[in-house]
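Chemist:
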Amino acid sequence: MLGFVVAFGLSFRCSTAYERYNDGRKYWSQLTLCSRNLGRIIWLNIEEREDPEHPEYTKQDLIGKISAINLINAFAVALKHRLRFEPAVDYPDLGSLVGHLSGTMAGHADQSKLRHRKPSAMKSLGERLGVTFAQSNPRKLIKRAEDNLGNIPHEVLAHLSAYINKVVTEDKNMPIICTQNLAITDIRIMADILGGTERILNTPLPLAYSISISQITWAYIVVLPFQLVSKLNWIAIPATMIAAYIIREYSSLRSIFDH
Amino acid sequence: MIGREIENPFGNDVNDLPLETFCTEIAADLDVLTSTPYSDYKKFINDMNNRPLYPLSFASVNDWDKEYSVEDIREALRAKATTHTKSIAIERCRTSNADIEAA
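So the sequence lines, in the order shown, correspond to chains A and B. The opening position of the first sequence corresponds to residue 1 in the working numbering, with each subsequent residue numbered one higher. The opening position of the second sequence corresponds to residue 1001 in the working numbering, with each subsequent residue numbered one higher.
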C-alpha cells in the first residue's frame, strides 16, 4: 500500500524535473532564433558608408558590424558558462570573445580564485559512488570568490545596446526605422532568455516536497524486506538492495534534470 | 497541508521563495550595469584585445584596420565560414546514421 504513495511521489518529482528540461530546451532554441534574427538585421541593415571625404568609414563600419555579431556569439557562450556556475573570463572559448570589453567585472576579479581545485581521491570516489554528502556544491566557485563577479551575459547585452544606439544616432547608417525597432526587440528577447534560464536554474523544489518524498521512500525501503521475506526467503536480501538502489536512482534523477 | 503552505510562495516560511536573495540579485545586476559608462561604443570595437576574425585569426582589430583592405576582410570572412565550423546538421546526420546502423 505504501508502494502506491511512493510511486505517486516519485512520478511527481520526475515530471516536474522533465518540465524544467523542456523549458531549458525551449529557451535555447529561442536563443538560436533570436541570434539569427539579430545577426541578419545587423549584417544587412547597417550600411558601410562610402563617404569620399572619409574613405576609412567603409572599413570601420565593416569591422564594427563584425565585432557586434561576435558579441551575439559571445552572449551565447557567456550564458553557457553562467548557467554552469563558471564565473571566470579566461575560458578558451570565452576569453577572446569578451576580453576586449573593458567593463567586465569578472575580468577585474582575482582569476586565481575562480579556477577549480583538483578534488582529493576520497572525494572523487564518493562522487563516483553517488554518496550524497560527497557531492560537490556546483556553486562553490562563486561561493569562494570575494569580489562582485558581475553578470557577463548582461554586460554583453549592454555593449550591444550601446552599439545599436550609436549606430542609429551618431553614424546614422541604419536608415530603416522598423529594423532599429527589431534590433532593440531582439536584444530584449535575449535578456528575457537570460532571466528565464536563470529562473529554471535557481528555483529550488519546495522543501516540503523534497522532505516528504525522501521520508516516504526511506520508509518504503525499510519496510520492504519484511514484506518480501515471506515470499522469497533469502533472496529478499539482494532483491531489497537492488530495489533500494533503483528507487534512489529515480529520486536522484531530479538533480540531474534540474540543470 | 503542504498545498496550503505552498499556495502563497511569498511569505516568510521555510517553503517559500527566497525573496531577499532575488532583491539582492537585482541590486547587484544594476550595480554592475552602472559601473561602466557605455557612452563611447567605438571603444570596445577599437580596443586592442578585440579579435574580430577569431578563431580564424588571432590578429587584433588594429592590424585588420591598418594592413588589410575591405576585400581582404571579406575574403577572410568567407574562409572563416568554410574552415572554422562544420555545419551542425552534418554532425547530427552522422550520429543518427550511426545509431541506425548500430540498431
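No residue lacks a Cβ here, since even glycine has one placed at the ideal position from N, Cα and C. Given the structure is predicted, the values throughout are model-derived calculations rather than measurements.
Taking buried to mean at least 16 other C-beta atoms within 10 Å of its own C-beta, is I263 of chain A buried or exposed?
Modeler: Given a span of 1 to 259 for chain A in the structure shown, any question on residue 263 of chain A remains unanswerable.
Chemist: Straight-line CA distance for T203 of chain A to L1017 of chain B?
Modeler: For the purposes of this step, residue 203 of chain A is taken as residue 203 along the first sequence, with counting starting at 1. For the purposes of this step, residue 1017 of chain B is taken as residue 17 along the second sequence, with counting starting at 1. Approximately 8 Å between the Cα atoms of the pair.
Chemist: I'd like to know if the stretch 36-46 of chain A and the stretch 10-28 of chain A are in contact, where contact means that at least 3 CB-CB pairs between them fall below 8 Å.
Modeler: Flag = no, the stretch 36-46 of chain A and the stretch 10-28 of chain A do not touch.
Chemist: Could you tell me the alpha carbon to alpha carbon distance between R1004 of chain B and I164 of chain A, rounded to whole angstroms?
Modeler: The residue labelled residue 1004 of chain B in the question sits at position 4 within the second sequence. The residue labelled residue 164 of chain A in the question sits at position 164 within the first sequence. Distance between the alpha carbons of R1004 of chain B and I164 of chain A: 48 Å.
Chemist: With DSSP run on the structure shown, which of helix, strand or coil describes H81 of chain A?
Modeler: Taking the first sequence and counting its residues from 1, one reaches residue 81 of chain A at position 81. Reduced to three states, the DSSP call for H81 of chain A is helix.
Chemist: Quickly, what does DSSP pair H54 of chain A with across the bridge? List them, please.
Modeler: Counting from 1 along the first sequence, the entry for residue 54 of chain A is found at position 54. Beta-bridge pairing links H54 of chain A to A:D51.
Chemist: Within 10 Å of its beta-carbon, does A1079 of chain B have 16 or more other beta-carbons around it, so buried, or fewer, so exposed?
Modeler: Here residue 1079 of chain B corresponds to residue number 79 of the second sequence, with the count starting at 1. Exposed, since its Cβ has fewer than 16 Cβ neighbours within 10 Å.
Chemist: Take the Cβ of P55 of chain A as the centre, count every other Cβ of all protein chains shown within 10 Å, and call the residue buried at 16 or more, exposed below.
Modeler: For this step, residue 55 of chain A is matched to residue 55 along the first sequence. P55 of chain A should be labelled exposed.
Chemist: Please identify, using Cβ separations under 7 Å, the residues of the stretch 1005-1030 of chain B that lie next to chain A, in order along the chain.
Modeler: The residues in question are E1005, I1006, V1014, N1015, A1028 and D1029.
Chemist: With 9 Å as the limit, tell me which residues of the stretch 180-209 of chain A have their beta carbon closer than that to any beta carbon of chain B; keep them in chain order.
Modeler: Listed by position along the chain: E198, N202, T203, P204, P206, L207, A208 and Y209.
Chemist: Is the CB of D1063 of chain B under 7 Å away from at least one CB in chain A?
Modeler: On the second sequence, residue 1063 of chain B is found 63 positions in, with the first residue counted as 1. Closer than 7 Å: no.
Chemist: What is the DSSP secondary structure of G3 of chain A, reduced to helix, strand or coil?
Modeler: As a first step, residue 3 of chain A is located in the first sequence; it is residue number 3 there, counting from the start. Three-state DSSP puts G3 of chain A in a helix.
Chemist: My output table needs one value for V98 of chain A: the three-state DSSP class, helix, strand or coil.
Modeler: On the first sequence, residue 98 of chain A is found 98 positions in, with the first residue counted as 1. Three-state result, V98 of chain A: helix.
Chemist: Looking at the secondary structure, which residues open and close the alpha helix (DSSP H) in which P87 of chain A lies?
Modeler: For the purposes of this step, residue 87 of chain A is taken as residue 87 along the first sequence, with counting starting at 1. Taken as a continuous stretch (DSSP letters only), P87 of chain A belongs to no alpha helix (DSSP H), as it is neither H nor E.
Chemist: S11 of chain A: which of A:A68, A:D186, A:Q227 and A:S210 sits nearest, CA to CA?
Modeler: Reading the first sequence from its first residue, position 11 is the one you call residue 11 of chain A. Considering only alpha carbons, the answer is A:S210.
Chemist: Need the endpoints of the alpha helix (DSSP H) that A1028 of chain B sits in, please.
Modeler: Along the second sequence, read from residue 1 onward, the residue named residue 1028 of chain B stands at position 28. Looking at the DSSP string, the run of the alpha helix (DSSP H) that includes A1028 of chain B is L1019 to T1034.
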